[in-house]
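A short worksheet on the structure shown next.
Numbering (the numbering used here), first residue to last: 125 to 263.
Okay, here's the thing in structure tokens:
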């Protein structure tokens with residue numbers, strides 16, 4: 125069994141989280157500059173078996189695709205092309221950034237540390253993956 129890897133795609137930075145090989149626990153992995161995402165993924169998948177990429181689906185409060193889909197869709201198309209043997213799953217990412225900020229505050233993180241945008245992206249990817257694991261879709 126391979127890992128699940130979540131991608132919280134952004135224009136500048138992309139947060140990444142992974143599960144353990146048994147797909148039980150989601151953990152933040154890193155945040156990478158978006159222009160280096162595919163190099164990172166190629167290196168990671170060469171070292172670790174990945175069963176699926178879980179990609180954050182940005183929607184508005186009514187469930188419609190958000191404006192950011194115009195730059196996420198081409199990235200997902202490339203993801204499917206470069207990694208044809210790894211399943212790509214869209215999963216609702218609404219409120220992950222809000223929850224990430226709340227987790228940092230509740231965890232006692234200093235205000236100066238909470239301003240580091242990469243931390244928010246990585247935590248958002250972790251929340252996304254954890255939500256996916258808790259859903260029936262992961263089974």
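Virtual Cβ for every residue (Gly too), placed ideally from N, Cα, C.
query, result
"Assigned secondary structure, residue 214 (DSSP; H/G/I helix, E/B strand, else coil)", "strand"
"Residues bridged to residue 157 [DSSP beta-bridge criterion]", "137"
"Collapsed DSSP secondary structure at residue 207 in the structure displayed", "coil"
"Closest Cα partner of residue 247 within the set 156, 146, 145", "156"
"Beta-carbon contacts of residue 213 that lie in its chain and below 8 angstroms, excluding the five residues immediately before and after", "176, 177, 178, 179, 256, 261"
"Identity of the residues DSSP links to residue 252 by a beta bridge", "Paired residues: none, contrary to the question."
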